[in-house]
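This report refers to the structure that appears directly beneath it.
In the working numbering, the protein residues as written are 9 to 155.
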């Protein structure tokens, strides 16, 4: 076993290659292929319906598919990559693009045929109406006396 004397500076030696690589790679072209992404989903409930909001910035309506099968609401599509330009060199690309798919299991008591979707300002709003609950009329129950 090799003994090594620890000094305050010896701990920084381990970080040196990492820091050097970070500065060397700063201006090199980044990968252009997507590593995948998942759009954010918010689900809210009102007295009449469920509201599902899906954040899809940069996605066009024609590239979105919404389906409902056996209570599973699925949103899938594609976010197109920015077209390459000869007069523009990217130093960093943090935007995601490519295919995505998100699914949400809905409760049983919904009106599947009335589900509606609206896409505006990069947000897909899906409204899932609840089945109307039939409230039974109050009924008077006669009390029988047994003698």
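We put the CB at the ideal spot given by N, CA and C, even for glycine. These numbers come from a predicted model, not from an experiment.
Query, Result
"Assigned exposure category for residue 41 - 16 Cβ within 10 Å defines buried", "Reliability of the predicted coordinates at residue 41 is poor, the pLDDT of 39 falling under 50, and no value is obtained from them."
"Span of the beta strand (DSSP E) around residue 137", "131 to 137"
"Residue 3: first and last residue of the uninterrupted beta strand (DSSP E) it sits in", "As displayed, the chain neither begins before 9 nor continues past 155, which places residue 3 out of reach and without an answer."
"For residue 60, the first and last residue of its enclosing beta strand (DSSP E)", "57 to 63"
"Residue 58 to residue 117 span [Cα, whole Å]", "11 Å"
"Under the three-state DSSP convention, the category residue 73 falls into", "strand"
"Reduced DSSP category for residue 148 - H, G, I as helix; E, B as strand; rest coil", "coil"
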